[in-house]
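Each number in my numbering comes from the position in the sequence shown (counting from 1) with 1 added on.
The beta-carbon is built from N, C-alpha and C at its ideal position, and this holds for glycine as well.
Here is the structure we will look at.
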Amino acid sequence: MISITEPHGSPPEPTAYFIDESGHSGDLAATRALDFADQPVFALACIGVADARALGAEMERLRGVHGCGPGELKSAMARLPRFVTDLAAYLKARDCPVFIELVDKRFFIATHVVTYLLCGGLGLGQVPEPVRNAVAEFLTDEPADALLLGYLAACREPSLPAIRVLLDELWAWFDPRTETSPESASFSQWKPETVPVGPTPTQGPSCRCPTGPSPTGWSGCCPT
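Have a look at this one:
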């Protein structure tokens with residue numbers, strides 16, 4: 002049993018922050034299926050501490066208590082849950098701020114499809130964020146694997162012909178669903194009469210992702 006004594010008064014302000022995310026860039030870039038090796042989410046976590054040295058000392062103490070050994074702490078370690086439980090108690094007792102964000106990888110891809118591909122020629126201000134999110138959720142929940150994988154493939158090998166085909170396929174996928182899906186019906190009003198495609202990668206800004214320019218020419222469009 003863990004006994005936690007709540008601190009008295011205002012906690013000291015953090016002087017150091019530790020932030021990390023589970024790797025997902027290579028995962029998304031290399032995937033050929035959407036099962037993600039049974040790891041459907043990635044995580045971002047951050048903690049703030051007023052005394053980084055004391056935190057380091059506590060972690061070393063917990064390594065000894067739980068027999069975790071030196072080196073990186075791996076999630077596969079059988080003893081890690083007990084280690085993390087004690088570490089969480091330490092952070093709580095000192096009222097350290099903790100931030101944890103979990104992101105569904107499939108939804109992550111879908112938001113990029115909606116924001117940077119379907120809405121890329123319109124500008125984000127023209128399509129309300131709640132509508133974009135609803136359509137991304139619709140893409141996530143519906144059997145749209147071919148479309149999501151097509152987007153990843155276009156990010157790996159960007160070309161305007163491939164993007165035009167993908168945009169046509171996306172709108173064709175949405176059209177028959179407008180009568181049964183309020184998300185698709187709401188979104189369909191922004192469907193262009195001709196498929197807009199941004200400047201070529203050599204004409205427009207380059208994507209910040211490691212695989213090269215974005216297929217549409219808009220910066221940051223590729224989730225890989």
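1. What distance in whole Å lies between the Cβ atoms of tyrosine 18 and glycine 49, which are believed to be in contact at a cut-off of 8 Å?
2. Please state the DSSP three-state secondary structure of aspartate 36.
3. Taking 7 Å as the cut-off, decide whether the C-beta atoms of alanine 53 and proline 13 are in contact.
4. Let me check understanding here. Comparing Cα to Cα, which of Asp87, Val166, Val114, Gly72 lies closest to threonine 141?
5. So, with DSSP's three-state summary, where would you put leucine 81?
6. Return the first residue and the last residue of the beta strand (DSSP E) that valine 132 is part of.
7. In terms of residues, what are the limits of the alpha helix (DSSP H) holding leucine 149?
8. Which residue's Cα is closest to the Cα of isoleucine 20: Phe37, Asp36, Pro41, Ala46?
9. What span of residues does the alpha helix (DSSP H) with glutamate 61 cover, start to end?
10. In chain order, what residues of the same chain lie with their CB nearer than 7 Å to the CB of leucine 103, ignoring the 5 residues before and after it?
11. My assumption, with CB atoms under 8 Å, is that cysteine 1 sits in contact with arginine 80. Please give the rounded CB distance.
12. In angstroms with no decimal places, state the Cα-to-Cα distance between alanine 55 and valine 85.
13. If distances are taken between C-alpha atoms only, which option among Ala94, Arg107, Pro82 comes closest to serine 11?
14. Alpha carbon to alpha carbon, how far is isoleucine 110 from leucine 149?
15. With a Cβ-Cβ cutoff of 7 Å, do glutamate 61 and tyrosine 91 count as a contact?
16. Can you tell which of Leu171, Ala135, Phe37, Asp176 has its C-alpha closest to the C-alpha of aspartate 105?
On the basis of the data shown:
1. 5 Å
2. coil
3. no
4. Val114
5. helix
6. Run containing valine 132: none in the beta strand (DSSP E); it sits in the alpha helix (DSSP H), 130 to 142.
7. 146 to 157
8. Ala46
9. 53 to 67
10. Val42, Ala44
11. The shown model of the chain, from 2 to 225, leaves out residue 1, and the question about it has no answer.
12. 16 Å
13. Ala94
14. 7 Å
15. no
16. Phe37
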